[in-house]
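*Asks:* Take a look at this one; I'll ask things after.
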Amino acid sequence: MNAPFIFGKITGGKDFTDRENEIRHLQQNFLAGTNTILISPRRWGKSSLVKKAGDELEKANGEIKVVHIDMFNIRSEEGFYQALSEKTIKAVSGKLEDLIANSKKFLKQWLPKITFSPDAQNEISFGLNWTEVKKQPDEILNLPNEIAKDKGYQLIICIDEFQNLAFFDDPLAFQKRLRSHWQKHQKATYCLYGSKRHMLMEVFASPSMPFYKFGDMMFLEKIPGEYWKDFIQKRFRATGKKISKKQAGHIAFLVENHPHYVQQLAQLCWFRTDKVLEDGIIEEALDSLVLQLGLLFQGLTESLSTTQVNFLKALLDGVKMFSSKKTIEKYKLGTSANIPRIKNAMIKKEIIDDSAGKIEILDPIYSIWLRGFYFI
Ligand SMILES: Nc1ncnc2c1ncn2[C@@H]1O[C@H](COP(=O)(O)OP(=O)(O)OP(=O)(O)O)[C@@H](O)[C@H]1O
Ligand SMILES: [Mg+2]
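Everything in the sequence shown is counted per this note's numbering, starting at 11 for the first residue and increasing by one.
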């Protein structure tokens with residue numbers, strides 16, 4: 011029997027819970043042509059949410075076409091133009107003949123030579139000289155809007171891991187280029203999302219930046235425990251196993267409602283259950299999860315400076331005033347001028363987050379590991 015929990019990939023259908031408000035919000039933006047910027051720490055469910063909101067809308071409304079571009083492995087402007095053109099044309103082309111016709115029609119300046127990858131049937135690629143494209147990217151940047159106008163669609167372009175534009179040669183010039191084209195698009199709407207909150211805030215919330223006030227900013231929250239209780243119980247039940255509401259709530263609580271870890275821990279409990287989950291199993295499953303990730307956390311911690319590690323210790327001890335003389339001395343944090351530097355370095359590494367002055371370790375299992383195995 012397959013385990014009824016999913017983690018490490020995009021979830022939907024029976025594996026998806028909550029997010030009704032966020033789905034509605036996103037869909038309203040898509041329909042109204044409002045650009046959206048969606049931000050949350052890693053593994054909280056951005057990709058799953060955008061996929062679900064887009065799929066539903068596409069199904070309900072024949073005029074909407076959603077294009078999904080993932081920038082996780084895109085490291086250059088050329089790579090971005092390639093993905094944008096290929097995914098956009100693919101999204102509006104049903105049959106192979108459409109695809110060829112659309113490519114010729116909308117990329118006429120470039121005469122693409124289309125090839126298909128044999129392993130993934132649906133993947134196409136245009137044999138373009140992307141260095142040339144980069145010199146004159148207007149046609150490609152306007153492609154979504156031109157196609158939408160021509161075919162009577164409203165195109166929603168969803169771009170995941172948008173923070174990766176920081177790897178491009180000249181990120182600022184690139185942002186200027188995008189913005190100057192995209193702000194004129196009436197029939198294409200953009201949903202840009204990713205996890206590096208501070209970096210994305212610089213891009214979208216600094217008045218001096220091209221993308222300032224580009225769209226509606228959404229900060230995704232974790233999924234509340236109430237939803238997890240029902241969800242976990244239902245998933246156990248669907249496979250003929252039993253778990254109480256209280257136990258299900260405890261699973262979510264132990265991993266601070268972190269979506270990926272709730273599913274992972276629930277799965278470990280499910281594996282250890284024959285028919286009815288016994289109480290002690292949850293802690294045992296958590297221990298095994300912490301152990302399983304221990305090597306990773308060891309490596310991560312070794313990559314930190316001594317003051318950074320000391321800062322984490324202070325954080326776990328509940329310290330709030332990091333710049334106080336007492337804290338600095340007790341935890342050997344150097345000088346008070348050092349504190350923002352320590353903090354920012356770890357925010358950059360996505361180890362901690364500082365949201366409205368509240369500093370937190372983002373990975374709940376890392377906190378448990380630090381407490382139970384490192385700072386003992
Ligand atoms: N609505 C949901 N219902 C149930 N589980 C969810 C939900 N959203 C996310 N998850 C769980 O969290 C995991 C991560 O989700 P997803 O990949 O969508 O997050 P993400 O924010 O895009 O992550 P990353 O920053 O790594 O790209 C999923 O594999 C699933 O286990
Ligand atoms: Mg994602």
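Here a beta-carbon is modelled for each residue, glycine too, at the ideal position from N, C-alpha and C. The model shown is predicted, which means the values in this text are computed figures rather than measured ones.
Considering only the beta carbon of each residue, do Lys239 and Trp280 sit closer than 8 Å?
*Replies:* Taking the sequence shown and counting its residues from 1, the one referred to as residue 239 is at position 229. Taking the sequence shown and counting its residues from 1, the one referred to as residue 280 is at position 270. No, these two residues do not count as a Cβ contact at 8 Å.
*Asks:* For the beta strand (DSSP E) containing Phe26, name the first residue and the last one.
*Replies:* In the sequence shown, residue 26 corresponds to position 16, counting from 1. Per DSSP, Phe26 belongs to no beta strand (DSSP E) and is neither H nor E.
*Asks:* Taking a contact to mean a Cβ-Cβ separation below 8 Å, would you say Leu264 touches Leu278 in this structure?
*Replies:* Taking the sequence shown and counting its residues from 1, the one referred to as residue 264 is at position 254. Taking the sequence shown and counting its residues from 1, the one referred to as residue 278 is at position 268. Not closer than 8 Å, so no.
*Asks:* Can you give me the C-alpha to C-alpha distance between Leu299 and Lys100, rounded to a whole angstrom?
*Replies:* Against the sequence shown, residue 299 aligns to sequence position 289. Against the sequence shown, residue 100 aligns to sequence position 90. So the two alpha carbons sit approximately 40 Å from each other.
*Asks:* With H, G and I counted as helix, E and B as strand and the rest as coil, what does DSSP make of Ser315?
*Replies:* Taking the sequence shown and counting its residues from 1, one reaches residue 315 at position 305. Of the three classes helix, strand and coil, the one that applies to Ser315 here is coil, per DSSP.
*Asks:* Taking 7 Å as the line, does the beta carbon of His191 fall inside it for any heavy atom of ligand 3?
*Replies:* No copy of ligand 3 appears in this structure; the ligands present are ligand 1 and ligand 2.
*Asks:* Any idea if Gln273 is buried or exposed, counting beta-carbon neighbours within 10 angstroms, 16 or more meaning buried?
*Replies:* If you number the sequence shown from 1, residue 273 lands on position 263. Buried: at least 16 other Cβ atoms inside 10 Å.
*Asks:* Measuring straight from C-alpha to C-alpha, what distance separates Ala262 and Leu296?
*Replies:* For this step, residue 262 is matched to residue 252 along the sequence shown. For this step, residue 296 is matched to residue 286 along the sequence shown. Approximately 11 Å between the Cα atoms of the pair.
*Asks:* Excluding sequence positions up to five away, which residues of its chain have a Cβ less than 8 Å from the Cβ of Met228?
*Replies:* As a first step, residue 228 must be located in the sequence shown, where it is residue number 218. Glu32, His35, Leu36, Thr46, Ile47, Leu48, Ile49, listed in sequence order.
*Asks:* Is it buried or exposed, Met467, if we count other Cβ atoms within 10 angstroms and call 16 or more buried?
*Replies:* Look at the range of the chain in this structure, 11 to 386, and you will see that residue 467 is not part of it.
*Asks:* Please confirm whether any heavy atom of ligand 1 lies closer than 7 Å to the CB of Ser57.
*Replies:* The residue given as residue 57 occupies position 47 in the sequence shown. True, at least one ligand heavy atom lies under 7 Å from that Cβ.
*Asks:* Report all residues from its chain with a CB closer than 7 Å to the CB of Ser58; omit the five preceding and five following residues, and keep chain order.
*Replies:* Counting from 1 along the sequence shown, the entry for residue 58 is found at position 48. If we look at Ser58 and ignore the five residues flanking it on each side, its Cβ neighbours are Ile20, Thr21, Gly22, Phe26.
*Asks:* With a threshold of 7 Å, establish whether the CB of Asp170 neighbours any heavy atom of ligand 2.
*Replies:* Sequence index remark: in the sequence shown, residue 170 carries index 160 (1-based). Checking the Cβ of Asp170 against ligand 2 gives yes.
*Asks:* Quick check: does the Cβ of Ser205 come within less than 7 Å of any heavy atom belonging to ligand 1?
*Replies:* Position 195 of the sequence shown, counted from the start, is the residue given in the question as residue 205. Result yes, Cβ under 7 Å from ligand 1.
*Asks:* Which residue wins for smallest C-alpha separation from Ala42, given the options His195, Glu339, Trp120?
*Replies:* As a first step, residue 42 is located in the sequence shown; it is residue number 32 there, counting from the start. Checking every option, the nearest Cα to that of Ala42 belongs to His195.
*Asks:* For Gly55, which residues of its own chain have a beta-carbon under 6 Å away from its beta-carbon, when the five flanking residues on both sides are left out?
*Replies:* Looking up residue 55 in the sequence shown gives position 45. These residues qualify, in order along the chain: Pro269.
*Asks:* If you drop the 5 nearest sequence neighbours on each side, which residues of the same chain put their C-beta closer than 7 Å to that of Asn348?
*Replies:* Here the question's residue 348 lines up with position 338 in the sequence shown. For Asn348, same chain residues with a beta-carbon under 7 Å away, outside a window of 5 residues either side, are Thr317 in chain order.
*Asks:* May I ask you to check if the CB of Asp28 is nearer than 7 Å to at least one heavy atom of ligand 1?
*Replies:* The count along the sequence shown starts at 1 and reaches residue 28 at position 18. Checking the Cβ of Asp28 against ligand 1 gives yes.
*Asks:* Would Tyr203 pass as a contact of Ile167 if the rule is Cβ separation under 8 Å?
*Replies:* Against the sequence shown, residue 203 aligns to sequence position 193. Against the sequence shown, residue 167 aligns to sequence position 157. Cβ distance not < 8 Å, so Tyr203 and Ile167 don't count as in contact.
*Asks:* Using a Cβ-based criterion (distance less than 7 Å to any ligand heavy atom), does Gly290 qualify as near ligand 1?
*Replies:* Indexing the sequence shown from 1 puts residue 290 at position 280. Checking every heavy atom of ligand 1 against the Cβ of Gly290, none is found closer than 7 Å.
*Asks:* Taking only runs that begin and end inside the region 281 to 340, name each unbroken beta strand (DSSP E) of 3 or more residues, in chain order.
*Replies:* none
*Asks:* Can you give the beta carbon distance from Lys161 to Val102, rounded, assuming they're within the 8 Å contact cut?
*Replies:* As a working mapping, residue 161 is identified with position 151 in the sequence shown. As a working mapping, residue 102 is identified with position 92 in the sequence shown. Right, the Cβ-Cβ distance comes to about 6 Å (below 8 Å), so this counts as a contact.
*Asks:* Considering only residues of the same chain and omitting the five flanking positions on each side of Ile371, which have a CB-CB separation below 6 Å?
*Replies:* As a working note, residue 371 is residue 361 in the sequence shown. Only Ile362, Ser377 meet the Cβ criterion.
*Asks:* Could you give the DSSP three-state label for Met11: helix, strand or coil?
*Replies:* Taking the first residue of the sequence shown as position 1, residue 11 is located at position 1. Residue state, collapsed to three classes: coil.
*Asks:* Relative to the C-alpha of Leu182, which residue among Gln146, Pro220, Ile169 is closest?
*Replies:* Here residue 182 refers to the residue found at position 172 when the sequence shown is read from its first residue. When only C-alpha atoms are compared, the closest one is Pro220.
*Asks:* Nearest CA to the CA of Thr125: which residue from Leu109, Asp179, Trp140?
*Replies:* Residue 125 sits at position 115 when you count from the first residue of the sequence shown. Measuring from the Cα of Thr125, the nearest candidate turns out to be Leu109.
*Asks:* Thinking C-alpha only, which one of Gln193, Gln119, Glu236, Glu171 is nearest Gly207?
*Replies:* Within the sequence shown, residue 207 is the residue found at index 197, counting from 1. Here the sequence assigns Arg to residue 207, which means Gly is not the residue at that position. Here the closest residue by C-alpha is Glu171.
*Asks:* Does Asp327 pass the burial test, meaning 16 or more other C-beta atoms within 10 Å, or should it be called exposed?
*Replies:* Walking along the sequence shown from the start, residue 327 turns up at place 317. With fewer than 16 Cβ atoms within 10 Å of its Cβ, Asp327 is classed as exposed.
*Asks:* When the Cα atoms are used, what is the spatial distance from Leu94 to Gln146?
*Replies:* For the purposes of this step, residue 94 is taken as the residue at position 84 of the sequence shown. For the purposes of this step, residue 146 is taken as the residue at position 136 of the sequence shown. Looking at the two C-alpha atoms, the distance is approximately 15 Å.
*Asks:* In three-state DSSP terms, what is Thr199?
*Replies:* Looking up residue 199 in the sequence shown gives position 189. Note: Thr199 maps to strand in three-state DSSP.
*Asks:* Along the chain, which unbroken stretches of the beta strand (DSSP E) at least 3 residues long are found entirely within the region 224 to 260?
*Replies:* 226 to 229
*Asks:* Return yes when the C-beta of Ile166 is under 7 Å from any heavy atom of ligand 1, and no when it is not.
*Replies:* Stepping through the sequence shown from its first residue, residue 166 is reached at position 156. Checking every heavy atom of ligand 1 against the Cβ of Ile166, none is found closer than 7 Å.
*Asks:* Mind checking whether the beta-carbon of Lys280 lies closer than 7 Å to any heavy atom of ligand 1?
*Replies:* The count along the sequence shown starts at 1 and reaches residue 280 at position 270. Here residue 280 turns out to be Trp, not Lys, going by the sequence shown. Because no heavy atom of ligand 1 lies under 7 Å away, the Cβ of Trp280 does not count as near it: no.
*Asks:* Please state whether DSSP places Glu370 in a helix, a strand or coil.
*Replies:* Reading the sequence shown from its first residue, position 360 is the one you call residue 370. Reduced to three states, the DSSP call for Glu370 is strand.
*Asks:* So which of Glu30, Gln92, Ser218 has the shortest CA-CA distance to Thr141?
*Replies:* Sequence index remark: in the sequence shown, residue 141 carries index 131 (1-based). Considering only alpha carbons, the answer is Gln92.
*Asks:* Identify every residue that forms a DSSP beta bridge with Val76.
*Replies:* On the sequence shown, position 66 is the one that residue 76 refers to. DSSP lists Ile166 as partners of Val76.
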